Structure formats: structure tokens, C-alpha cells
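Protein sequence lines correspond, in order, to chains C and L. Mapping of the first sequence onto numbering that gives the first Met the number 0: position 196 corresponds to residue 195, and the numbering continues sequentially without gaps. Mapping of the second sequence onto numbering that gives the first Met the number 0: position 162 corresponds to residue 161, and the numbering continues sequentially without gaps. Here's the structure, in C-alpha cells; my notes come after.
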Amino acid sequence: MEVSAVWVPNDSVPLLRMEPAEVLGNPQLRDAWTDPLAGAYVPRLMGKLLGGSLEDVRQGIRDDNRSALLVNHRHAIRGREYVAAVKGCGAEFDAYENARLTAARLREICHDSSLIHRLAGEDGAPSGFITGERWFGNTPYGAQAPDNAAIGLLASLRADIDDIAGFFICPIVALVRLPHEVARLATKFSWYRRYEGAYWQEVRLMPSNIRVHFHSPVAFGVDTAEAFRLFGLESFEDAEAFLGNLARSAMAALTLYARTLRHDARTDTYIGLSYEDVWLDKDAVIARDGTLHFADLEGIEGVRAPGANQAREMIRRQFFRNVYEANYALEAVAAETGRRWGVPAGAAERRAWIVEVLANACRADPFVRVEREGMRAVVVVEPATDPDTCGVTLDFASGGG
Amino acid sequence: MEARRAFEILSALVQRLEPAAAPTEVGELGGAGLVRTVERPTKEQMESVAAQLRAVTQRVRELGRRLAGQPDDNGKLRAELREETGRLEELSRTRSRLDALVWNAPSQTFLLPTLEGRRLLADLATWRDRFGEGALFDFLSRMARLRKGLDATVVRAGQILPAIFEFEPNATRSDLRAPALILARQGTNTVSLAVAYEVSLRHLRVTGVSLEDRLLIAAMLSGDLEPTEELARFDESREALRDRGLARDAEAVVAASLVDFPADRRVEQIVRFDAVRRMDDSLDSVEASVLARSPYAPSEAYERYRTALEHTVRARAGTGDRPDAAAAILAASTGSIEAALERFDRHLGQVAGMFDVSSVAAAMLTGSALDPAQALDILKESVGAVTRGNYFEMTFEIPGLALLLVHGTGPEITRFVVDSGMAFPGVAPAMPTGPARAYYPIRDTSWYLWHDRWLYRPTLRYVRTHPLHVHTVPHFG
Chain C
0 MEVSAVWVPN DSVPLLRMEP AEVLGNPQLR DAWTDPLAGA YVPRLMGKLL GGSLEDVRQG
60 IRDDNRSALL VNHRHAIRGR EYVAAVKGCG AEFDAYENAR LTAARLREIC HDSSLIHRLA
120 GEDGAPSGFI TGERWFGNTP YGAQAPDNAA IGLLASLRAD IDDIAGFFIC PIVALVRLPH
180 EVARLATKFS WYRRYEGAYW QEVRLMPSNI RVHFHSPVAF GVDTAEAFRL FGLESFEDAE
240 AFLGNLARSA MAALTLYART LRHDARTDTY IGLSYEDVWL DKDAVIARDG TLHFADLEGI
300 EGVRAPGANQ AREMIRRQFF RNVYEANYAL EAVAAETGRR WGVPAGAAER RAWIVEVLAN
360 ACRADPFVRV EREGMRAVVV VEPATDPDTC GVTLDFASGG G
Chain L
0 MEARRAFEIL SALVQRLEPA AAPTEVGELG GAGLVRTVER PTKEQMESVA AQLRAVTQRV
60 RELGRRLAGQ PDDNGKLRAE LREETGRLEE LSRTRSRLDA LVWNAPSQTF LLPTLEGRRL
120 LADLATWRDR FGEGALFDFL SRMARLRKGL DATVVRAGQI LPAIFEFEPN ATRSDLRAPA
180 LILARQGTNT VSLAVAYEVS LRHLRVTGVS LEDRLLIAAM LSGDLEPTEE LARFDESREA
240 LRDRGLARDA EAVVAASLVD FPADRRVEQI VRFDAVRRMD DSLDSVEASV LARSPYAPSE
300 AYERYRTALE HTVRARAGTG DRPDAAAAIL AASTGSIEAA LERFDRHLGQ VAGMFDVSSV
360 AAAMLTGSAL DPAQALDILK ESVGAVTRGN YFEMTFEIPG LALLLVHGTG PEITRFVVDS
420 GMAFPGVAPA MPTGPARAYY PIRDTSWYLW HDRWLYRPTL RYVRTHPLHV HTVPHFG
């Protein structure tokens, strides 16, 4: 294994493995959907309330609010190790308060008096819960909606396993529809608005659970020193190699539209992948070697541009919408490297180092190249289709004066 | 070679200017790993290799585009791409080295500063004026000793921490990290330090000192030797404060801050403390103790405090900041209050964002005998040592722990840095060798108290009340 997976130790989440109502798999990752992994993962408390067997309980590690890592299930893709993660296996927190979703809180939002009585004896450690609250559009709070899950699976199917033209993703192995009895139970718990629809979850592969800036026990931009420790970066050379991988993969993320651009002859329009309601800060994780992986694929969708002008504008918009978040992460690496090994020292040296590493890292990129002139650095983007008419030049560092 | 000359040469190289370094100078710098020398034929060879860069880049990009267009049939293409990418990376490194080469006519060679060379340049930029005239290798060895000393202190703290963790069942590792670092600064024998800490804790527990206070005070009073004398002085000071009805809100910590005074000076300190409190009963006891131990008469110290307070209130960083505490520290510093305030502003700009209570951190740095750039450099080095040593649980603990290393230094660092009488003001004097009791242990008691009371304790409270360590409202993801 060239690059092993890494995760932040966190609370244990007991999940009952159940027979799914339905499974939609990713054929490229059939090998990862092994017998020990295949299944639907339901909070143990829900299993208990359903009264069935509790024999097949797995200990997940809490990741995001409604996700858990199953670190005993790992899969390697071209030398990089990933751990399985379930998104939609129960929310850890109350939807309307920054407090854990305990049995006491569940009693307050339960619309079934017989369940309220049974929850009375469950005031132990909170284990998360899938509710019937309609949340963020039409998603069940704690689980996943089928349309969002399908968008994520489509993005995964488009990838060469974990890679869409240099843009790395946390690929979905399978979409799992939760058993009907779980869905029926979930509908009995809601705060305001009842969710109407099927209850799904995603089983995906993640190289780490260290997100860029938010939503993880260790966020890279905030806890860079802790992240260096977890990634085992012990020398300037380690840090430089890490920065190179981060810069290369971040640049791919910033130019996703260009590198997936296609011309649709039928409608005479262009189409490329765009981020809709997702951001690099909380929806991407960083692998041990620095490669940024986009995790929340439900917000990656094909967006049309009526002509070359609009396609160029889409490329520009995507870059500048997200470059600050990526740049912050690169700065965080440079600052932490300076703190530990004395170089680079100061803002100017950090900028020069980042630009140099970025330029070298992008040499092999077929869609972008970095050109430098003094303090100025520009990114020349050559889209996958019609680079002459749809290509753009973007400022990475404007330089002085 | 003189350190100043090395600075000139390295500065020129970094700016891509010809350094005009004599062959012997090039030899010395090369031997120390500070510059790399490239002969003309080697450079020509590198150029011919690097000339392939364009073609290989083109090939890699072409393969990448083809692969992106046909991901299903990619085995052979991917293997070729991997091989060509490896070549490209090597060629890119060669190109980068070539770009950094600077011609040096006297040696008829090209020169390239190494990572160590660039690091030395940064060190010289900060320290060369204080170092003055002297050999480069002397400078290098002193800087290396300083870093090793900081690292060794952090390593020692890491060894002490698990040993003292057993002593207080209600204390967490986070609670004990700063005390362990204080102990590591005060001695070198980790076993003796842990034993002394346990003795002190036991004594303080019996005498009714609260948990938070005793974790700090036990560290302040302990060293390589059993703290019998220190505990006796602590009890005497506490008794004296109690007799006069002073420092009721912080009796134990104020008493602990007095143990580094001989008996007669301790009484004098208590009288001064009383005088300061009478001038302004809104001062808390720790602030009053800071003013009492200043080199000024109580009335003058108080006057300086009022001037400083007006300034620090204007400059306060946020609601959690303590401009009053910062003003007390500034008032107690040596030199004119105007100069102290000017320097305080500089440090405040440097540490804002690094500390929640940035006024206090800036005031503590203002008290350093080093110049502002050097004080900040030591802080940065300390941050590096704490970070490299993984001596933290959460990132935001790091600056607070590092600040403990800034004032004076531990015995080991002192020995490393101050040999041959080289002056690094702000560094405690070297300890003479000889029988263990022949020297008085280095105890920065007041500094520890300020640090704990105003800076580190609020951080610990944050840790205690935010056990989940979440950065945003969690249910938005």
C-alpha cells in the first residue's frame, strides 16, 4: 500500500446491519461491496425499537453529523487505501439545537405514544437517529434522499473509479434503501415538517475524514498541526511533497468544469460538471499524501452553457468561487511548514514557495498549466473540448503593482 | 568565515545576484551544507536534460487528455502516463535547480542556496546584530543549541506528563501539560521533578489549595530537589498575607509568586502589595502583586499602570481580552512606559489571532530583554518545538504552551546558549557547575502566574466546556 488511509479517532457509533430494501451498486467497485460490508446500517437504538435481533451490530466511528466510518472495511484503488463510510446512518445532533440527539430529546419529537414509553429506558449514550424531519430541500434528517444519492452515484459512475480527469472523489460503492420498517419508524419522529419519500443511505470510500475547513473533529485549515501529526509529515521534504499533491488536486477541483467540458452537438451547447450548493471547505477531505478528494458528490451536476462565452464564464466562476478555500489550505501547509522547519518564513516566501510547487505540480496536468512572471502567476486553462475557444487565463497571484 | 559575510553571500544568492564569494568562502559554505556548487559542465549537462522538459510535458499532457477521453480502455495508457510523469517530475526538479543557480565569478562556479542556507539567512536576519562580530560556525552552533535546548525541554515535559498524571485523579492531561512544561524548564532529572511535584501537590492539598491553583503552584515550587525550602517559604508567605487580610481572592498563587524572594524582601513585597491595593481596590490581587514586584515605588508603579491601562483599553483585542492585566505587566516592565507601550503595539499586531488574550501575550513579550523581532523569533521557535514534539492535544493549545518557553529559558537551554559568556539577554544566567545546592534554581514564578491566570486557564476552561471540539453548527452537513 503506497498511501494508507487515515482517520481521526472519534466516538464509537453502534450500527445494526440489516437487509436493505434495495441496493444500487457501482459496477467499478463491485469488489469493495463484500459480504461483510454489504447491508443497510441503522442506529442501534432504532434496531432495538424495532424489536428484531441485535446480533449484527458494527462499531462505526463518528465522522460527520449523519455519517460514520467502518474502518475495518478497506479497499485499495491504485495504491491508495480507502475506508468504507456510511452517509445517512443517523444524525448525532438535534436538528434545532447544538446538543446530542438523546433518547430524552427523541421522546419530545415522537408522535407515537407507545414509542415514547419504550424510549423512557434508553437514556444512555446517544447513538444517532434517523428521523422523518424534512431537511434541506427534501431530505430525511439523519438519512439520505434518493435523488441526492442518485446524483452522487452518477458522479461516481462517471469517474475512472476515484478520478474524474484528475479530480479525485470519494466514490460511492452502493446506494442502499433502508428497510421499510426503519422508514416507517423514522416517520414517527419529526420537529416541524414531515419528510415524504424513501429513505436511502450511501456507502462510499474515503481516504481520510479530515475535511478542509469544517465539519470534522480535525479540520485541516484550523488544526493543521494536528493534521500534520496524523499524516506523519516529519520533514520539509515530506511537507513539500504533500503540498504538491494538495496543489495539483486542488487545481483539478477548481477547474472541474473545464476538464469535463463536452460539446453537445444536438443542442449546440456545452456541458461540464459544476458544484451546486457544495464547497471545498466542508465537502472535501484530504488524503494522507495531500490529495484532495471531493466527498459530497450529491452537489456535483452537469451544467449547460449555451456558447463558448458562457462556458468560459462558467470556468472563471468555478475557479474564483472556490479558489480562496483551496488557497487557504495551501497557505496552512506553508505556514505549518514554516513553524516546524523555519522555511518558508513570512508571507512573501510562503507565496513564492506555493506558486513554485503549484507550477511544478501542474506540469503533468493536461488541462491547466501555471505560468509565472515575477510575482505574478496565472493559470492557463485548456478545457477538454474546444480549448482554443473555451480556454481562459486566470489570476492565481496578481503580483505587486 | 564571519557570520556577517555569510549573510551577505546568502542574501545575494536568494536575490539571484552574483555574490562575489571567494573560493575559500564557497568551500566553507558548501562544507556546512549551506550552498550547493555546480560546475559549468554539470550545468550544461543539466540544461541539456532540462531541455527535454517541454517535449515530456507535452507528451504527459497529451496522454492525460487521451486518458480522460477514454477511461474504460486505459491499462497501457495509464502505465505509459505513470512512467512519463515520473520523468517529468525529475526534469521539473532539474529545471527548478537550474533556475535558482547564480554565477559566482571568483570561484568560476554556479551556486545554489540549500534549505539550510535559507534557514540560516532568516536566523542571521534576526540575530546578527545581537551576535555582533563572530565566526559563522559559532553562530550556527549557538542557534542549533538553542533549538536543541527547546526541543529537549519539550521532550522532557513529554516524559514528565505521564508520570505526574497519576497524582491528581481529577486532573486531565490538558490540565497538566503546562505544569509539566514548567517542571521541564526547572530541572533535568525527570524522575526527581515528578517526585518533587508529588510532594508539593500533597502539601498543597493538605493545606486546602484549590485544584487549579495547586496544579500550577506545585510546578512553580518544584525542581530537581525536594521542595522543602520552597514549601516552607510558600507557607510563610501565605500566612503573612492571611495575617494582613490581603489577596483573599488569590492568596495561594500570590504567595507562590513570592517564594523567589529572600525572607526580608518577601515582607517588603507584602507591604508594597498592601500599598498598591490601598490605591485602587478594583485591582485584582494578581495585578496588585505584579505592580508590587515592579522596580518602582508603589505610587509610581500605579501611575504607570493608569497610563498603560488607558492605552491597552483602546487597543483591546476582543471581549475576552484583559487590558487591565496587560497594563499591570507593562507598568512593571523596565524603562519608560511610553517605550513599553510602543513596543506593546508592535507585539500586539504580531500575536493578534494567535492568542485569545492577545494583550496579555503582547505585554509579556514586551517585558523581554530581547528586541521585538528576536522575542517573536523565540516564540516562533518555541511554537515549532511544541509542534514538532507533538506536545499538544488541540492546535489552539500550542501558542500558550510555547509562550511558557519564551521568558528566560530552562537550565538546559541556558547551558546551550550562554556558554563562553555570549550575551543573549532575556536568557537566564548560566548555572555554575558544582554541588547541586550551589546555585539557586531558575524560577520565573511571576511569569508562570501571569501565563496561567490570564492566558492558559481561560484556554483550559474552553477545552473543558467544549469537549466535542466542533467548529461549526454540526447539523448543516
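We put the beta carbon where it would ideally sit given N, CA and C, even for glycine. All values reported here derive from a predicted model rather than from experimental measurement.
Cβ-based neighbour list, residue i, same chain, cut-off 6 Å, excluding 5 preceding and 5 following
i, result
"residue 7 of chain L", "none"
"residue 276 of chain L", "287"
"residue 372 of chain L", "125"
"residue 199 of chain L", "217, 220, 221, 226"
"residue 43 of chain C", "13, 15, 56, 126"
"residue 322 of chain C", "253"
Cβ shell of residue i (< 8 Å), same chain only, five flanking positions each side left out
i, result
"residue 12 of chain L", "18, 34, 101, 110, 111, 112, 116"
"residue 364 of chain C", "165, 247, 250, 251"
"residue 45 of chain L", "37, 93, 96, 97"
"residue 196 of chain C", "137, 139, 144, 145"
Partner residues on chain L for residue i, Cβ-Cβ distance less than 7 Å
i, result
"residue 257 of chain C", "Under the 7 Å cutoff, chain L gives no residues; its nearest Cβ is about 11 Å from residue 257 of chain C."
"residue 359 of chain C", "91, 95"
Contacting residues, own chain, Cβ-Cβ under 7 Å from residue i (five flanking each side not counted)
i, result
"residue 184 of chain C", "45, 48, 49"
"residue 161 of chain C", "76, 167, 168, 170"
"residue 404 of chain C", "This structure leaves residue 404 of chain C out entirely; chain C is present only between 0 and 400."
"residue 151 of chain C", "171, 201, 296, 297"
"residue 488 of chain L", "Summary: the structure shown does not reach residue 488 of chain L, with chain L confined to residues 0 through 476, and so no result is reported for it."
"residue 207 of chain C", "4, 5, 6, 284, 285, 286, 287"
"residue 260 of chain L", "268"
With 16 other Cβ atoms within 10 Å as the buried cut-off, status of residue i
i, result
"residue 53 of chain C", "exposed"
"residue 377 of chain L", "buried"
"residue 136 of chain L", "exposed"
"residue 91 of chain C", "buried"
"residue 135 of chain C", "exposed"
"residue 133 of chain C", "buried"
"residue 15 of chain L", "exposed"
"residue 104 of chain C", "buried"
"residue 406 of chain L", "buried"
"residue 243 of chain L", "exposed"
"residue 447 of chain L", "buried"
Paired residues, beta bridge with residue i - DSSP
i, result
"residue 138 of chain C", "C:134"
"residue 363 of chain L", "DSSP output for residue 363 of chain L lists no bridge partner at all."
"residue 293 of chain C", "C:168, C:283"
"residue 17 of chain C", "C:39"
"residue 194 of chain C", "DSSP lists no partner for residue 194 of chain C."
"residue 381 of chain L", "BP columns for residue 381 of chain L are empty, so no partner."
"residue 92 of chain C", "C:99"
"residue 109 of chain C", "C:188"
Chain-ordered chain C contacts of residue i [CB-CB under 9 Å]
i, result
"residue 63 of chain L", "164, 165, 363, 364, 365, 366"
"residue 59 of chain L", "362, 363, 364, 365"
"residue 56 of chain L", "362, 363, 368"
Partner residues on chain C for residue i, Cβ-Cβ distance less than 7 Å
i, result
"residue 154 of chain L", "Under the 7 Å cutoff, chain C gives no residues; its nearest Cβ is about 15 Å from residue 154 of chain L."
"residue 87 of chain L", "362, 363"
"residue 352 of chain L", "The contacting residues do not exist; residue 352 of chain L stays about 12 Å from chain C at best."
"residue 84 of chain L", "363"
Chain-ordered chain L contacts of residue i [CB-CB under 8 Å]
i, result
"residue 18 of chain C", "Ordered by position in chain L, no residue passes the 8 Å Cβ test against residue 18 of chain C, which lies about 28 Å from the chain."
"residue 355 of chain C", "95"
"residue 338 of chain C", "379, 382, 383, 386"
"residue 342 of chain C", "114, 117, 118, 121"
Listed by chain order, chain C residues near residue i by CB distance under 8 Å
i, result
"residue 458 of chain L", "Correct list: empty, because the minimum Cβ distance to chain C is about 15 Å."
"residue 75 of chain L", "Correct list: empty, because the minimum Cβ distance to chain C is about 14 Å."
"residue 389 of chain L", "228"
Report yes or no: do the segment 4-20 of chain C and the segment 140-148 of chain C share at least 3 C-beta pairs separated by less than 8 Å? no
Evaluate contact between the segment 143-154 of chain L and the segment 56-72 of chain L, counting only Cβ atoms and requiring at least three cross-stretch pairs below 8 Å. no
Does the segment 332-341 of chain C touch the segment 358-368 of chain C, meaning 3 or more C-beta pairs lie closer than 8 Å? no
Any contact between the segment 159-174 of chain L and the segment 129-140 of chain L? By contact I mean 3 or more CB pairs, one from each, below 8 Å. no
Report yes or no: do three or more beta-carbon pairs, one from the segment 28-37 of chain C and one from the segment 237-254 of chain C, lie closer than 8 Å? no
Counting pairs of Cβ atoms below 8 Å between the segment 226-239 of chain L and the segment 184-192 of chain L, do you hit three or more? no
Determine contact between the segment 381-393 of chain L and the segment 168-185 of chain L, defined as no fewer than three beta-carbon pairs at a distance below 8 Å. yes
Three or more beta-carbon pairs under 8 Å between the segment 59-77 of chain C and the segment 22-33 of chain C, yes or no? yes
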